[in-house]
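Quick note: the sequence shown uses the numbering used here, first residue 7, plus one each step. Contents: one structure, followed by commentary.
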Amino acid sequence: MAGKASAGKTKKKWSKNKVQDKANNSVYFNAETLAKLEKEVPTYKLITPSVLVDRMRINGSLARRALRELEARGSIRLVSAHNSQLIYTRAPAPVAAN
Numbered sequence: 007m008a009g010k011a012s013a014g015k016t017k018k019k020w021s022k023n024k025v026q027d028k029a030n031n032s033v034y035f036n037a038e039t040l041a042k043l044e045k046e047v048p049t050y051k052l053i054t055p056s057v058l059v060d061r062m063r064i065n066g067s068l069a070r071r072a073l074r075e076l077e078a079r080g081s082i083r084l085v086s087a088h089n090s091q092l093i094y095t096r097a098p099a100p101v102a103a104n
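Listed below in structure tokens is the structure:
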């Protein structure tokens, strides 16, 4: 009897997961992205590779390279480096001597 009752039920349908779009991030700097990087990034309060990937649509390895370059120039400064998570901030503005 128990077998007959369950035979009439339909099989459980698994939920259809939404497919996430593949990120189409740049792997090279073009002139436009490089200019935007040099102008805007030093004004951000919190700068991480993840922030650059999200805002500039660039590859993660490209973001890390760009941050190292900006730090070497003195445009930004390193706050914390823990394993692979690098946290930068704006460089302090130079104090004008009177």
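Positions of the beta carbon are idealized from the N, C-alpha and C atoms, including for glycine. Just so it is clear, the structure is predicted and the values come from calculations on it, not from any experiment.
First through last residue of the beta strand (DSSP E) which encompasses residue i
i, result
"S86", "82-88"
Three-state class that DSSP yields for residue i in the structure shown
i, result
"L40", "helix"
"S21", "coil"
"T16", "coil"
Supposed contact pair residue j and residue i - C-beta distance, whole angstroms, cut 8 Å
i, j, result
"N144", "I64", "Residue 144 lies beyond the stretch modelled for the chain, which goes from 7 to 104, so this question has no answer here."
"E77", "R83", "7 Å"
For residue i: DSSP bridge partner residues
i, result
"R96", "I82"
"S32", "I64"
"Q26", "None; Q26 has no bridge partner."
Range covered by the alpha helix (DSSP H) that runs through residue i
i, result
"R61", "55-62"
Cut-off 6 Å between Cβ atoms - residues of its own chain near residue i, not counting five sequence neighbours on either side
i, result
"I93", "T54, V85, S86"
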